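See below for the structure under consideration.
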Amino acid sequence: MKLLTFGPSGGVVAAPTTSLPEVPGGEDNWDYRFCWVRDSAFTARAFYGLGYEQEAESFVSWLLRWVVGGSAGTLVLTGLLAGSQRLRLTRMNLPFLLGTMVTADRDRAKLYGLGLHLLNGLVVSGVYLAAFAAWGRAGWWLGGLLGVLHAGLVLLVVLPAMPTLHPRMAAESQGPTEVKPLEPPGFLGLHYGTWTPLTVLVSHVAFGMLLGGLYPP
181 MKLLTFGPSG
191 GVVAAPTTSL
201 PEVPGGEDNW
211 DYRFCWVRDS
221 AFTARAFYGL
231 GYEQEAESFV
241 SWLLRWVVGG
251 SAGTLVLTGL
261 LAGSQRLRLT
271 RMNLPFLLGT
281 MVTADRDRAK
291 LYGLGLHLLN
301 GLVVSGVYLA
311 AFAAWGRAGW
321 WLGGLLGVLH
331 AGLVLLVVLP
341 AMPTLHPRMA
351 AESQGPTEVK
361 PLEPPGFLGL
371 HYGTWTPLTV
381 LVSHVAFGML
391 LGGLYPP
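Per this note's numbering, the sequence shown starts with residue 181, numbered consecutively.
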């Protein structure tokens, strides 16, 4: 079991098998070199039962840091963006944009969007923690640097793709319509306000700094 354990997180891979063909000569391969939360939870329970508490707590504590850190970081990011809206620095509301992708009802969109935003924050925070583990180091400054890259991805890739991906967002070449009433973000999200790039940068840097500070050295 020790050989199947990833030291930085304590996660245990499902099995050391890789590239086993589903059928002889088939293209699909079975690859179990992943840490599934369910399987790792069973393994941690077995460790506890056998008295190997340190091995069990290593994974459980990493999982708690991921959930707590990711949730806290996402709430801080969302709070900073909401504060920027109240200060009239930007009109961009990421949870609302996410929510309107699944419903046209504005009230439901706010609720659904917040849930999707928190879930997305957990997924992204997992990427941050994976980067820290791969580098073998972490810290608020390294998390902040990842936050800069994260903000750049949002501003240069995600927002420009929104008119194509969002079923209720107008195209850049056309104005809002009855079917697509949402205004597109424009270059760097500038349609939502000239301070939008800065608010996105600050909020994502804060997100990264929080995760970097919570990750153990």
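We put the beta carbon where it would ideally sit given N, CA and C, even for glycine. Everything numeric in this text was worked out from a predicted model, so none of it was measured.
Measure from the alpha carbon of residue i to the alpha carbon of each residue in the options, then state which is nearest.
{"i": "L326", "options": "L390, C215, V217 and L260", "result": "L390"}
{"i": "Y395", "options": "T374, T185 and S241", "result": "S241"}
{"i": "D285", "options": "P196, M181, L362 and L381", "result": "L362"}
{"i": "W246", "options": "Y292, A318, V380 and Y308", "result": "Y308"}
{"i": "C215", "options": "G392, V337, E233 and V192", "result": "V192"}
{"i": "A341", "options": "P364, Y232 and E358", "result": "P364"}
{"i": "S383", "options": "N273, A236, R317 and L183", "result": "N273"}
{"i": "G392", "options": "G319, V359, V338 and S353", "result": "G319"}
Would you give the residue range spanned by the alpha helix (DSSP H) that residue i belongs to?
{"i": "W246", "result": "E233 to R266"}
{"i": "L302", "result": "R286 to W315"}
{"i": "Y228", "result": "V217 to L230"}
{"i": "S353", "result": "Segment: none, S353 is in no alpha helix (DSSP H) and carries neither H nor E."}
{"i": "S383", "result": "T376 to L394"}
{"i": "H330", "result": "W320 to L333"}
{"i": "F276", "result": "L274 to G279"}
{"i": "P343", "result": "L339 to L345"}
Below 8 angstroms on the Cβ atoms is my guess for residue i versus residue j; work out the distance and round it to an integer in Å.
{"i": "A331", "j": "V385", "result": "7 angstroms"}
{"i": "T254", "j": "G301", "result": "3 angstroms"}
{"i": "G190", "j": "F239", "result": "4 angstroms"}
{"i": "V304", "j": "Y292", "result": "Not confirmed; about 18 angstroms, so no contact."}
*Could you tell me whether the region 274–283 touches the region 334–354, where touching means 3 or more Cβ pairs closer than 8 angstroms?*
yes
*Are at least three pairs of beta-carbons, each pair with one atom in the region 263–270 and one in the region 246–255, less than 8 angstroms apart?*
no
*Between the region 373–388 and the region 311–326, do three or more beta carbon pairs fall short of 8 angstroms?*
yes
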